[in-house]
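K.L.:
The structure follows.
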Amino acid sequence: MIYYSKCMHEQTAFLNLNQKGLIVAERLACDVFSLPMHPYLEKYDLSHISDILLASASGDAQ
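Here it is as structure tokens:
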């Protein structure tokens, strides 16, 4: 899945389509939880991501 912080109908390229009221899409765009995943992540990156997830799960996230 590719995550966009704005729904497609809110992207500049599609503003001329005047799509309004896509409530479910807009809610999901705010609620999606995305993790960086690709085969080139370094061990440091994985460790950093893990630390952030663990801190978030324990309520210690900044």
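Numbered according to our numbering, the sequence shown spans residues 2 to 63.
All residues carry an ideal CB built from backbone N, CA and C; glycine is no exception.
#1: Restricting to Cα atoms, I'd like to know which of HIS10, MET38, ILE53 is closest to GLN20.
#2: Assuming CYS8 contacts LEU23 under a Cβ cut-off of 8 Å, what Cβ separation, rounded to an integer in Å, is found between them?
#3: By how many angstroms is the C-alpha of LEU16 removed from the C-alpha of HIS49?
#4: For ASP61, name the three-state secondary structure that DSSP assigns.
P.N.:
Concretely, from the data shown:
#1: HIS10
#2: 6 Å
#3: 37 Å
#4: coil
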